[in-house]
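Single-structure report; data block below.
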Amino acid sequence: MINIKMMEAFKVTRVFADENGDSRFDEVYYPLHEGGPIGYFSEKVAVKELIFRKVVPTYDDFHAAPQRQYVVLLDSGVEIETSTGEKRQFTAGEVLLMEDTKGKGHRSRNLQEHVRSSLFIIFK
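Per our numbering, the very first residue in the sequence shown carries number 13; after that it's consecutive.
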């Protein structure tokens, strides 16, 4: 049996910079509306570009996001560490909203030792 409550919103983890420039985690929920037999949908989100990305197994980098973007993890997981030292792990299929374009940034590490594929969806 499908949990209808689960179908009411789509959760996205947000990484943003606070007023001190520290990267932090937050959660954003996009309301979903029943669309008949083809599923549940959010309102449209205007985007500018789509980038396909692969990173090597040893990827481990501290950086700020180059622009506001969604990151969709396609086939593998990643650990994100904020500038405050908080760490969270995300698995394939999860969506991140990267908004820490200024400040101290975050570190990204592959969870598995193989090439990781993702999509960057850049806002207008």
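Heads up, the beta-carbon is just placed ideally off N, CA and C, and yes, glycines get one too.
Simplified DSSP state of residue i, which is helix, strand or coil
i, result
"P49", "helix"
Residues sharing a beta bridge with residue i, DSSP
i, result
"V40", "V24"
"D73", "S120"
"E91", "Q101, R121"
"S130", "R65, L85"
"S35", "A29"
Cβ neighbour criterion (16 or more within 10 Å) applied to residue i
i, result
"V83", "buried"
"R128", "buried"
"A58", "exposed"
"K73", "According to the sequence shown, residue 73 is Asp rather than Lys. So D73 ends up on the exposed side."
"D112", "buried"
"L85", "buried"
"G117", "buried"
"M110", "buried"
Range covered by the beta strand (DSSP E) that runs through residue i
i, result
"Q81", "81–85"
"E111", "107–111"
With contact counted as at least three CB pairs below 8 Å, one residue from each stretch, are the segment 48–55 and the segment 66–82 in contact? no
Three or more C-beta pairs closer than 8 Å, one from the segment 18–25 and one from the segment 34–44: is that the case here? Touching, per the Cβ criterion.
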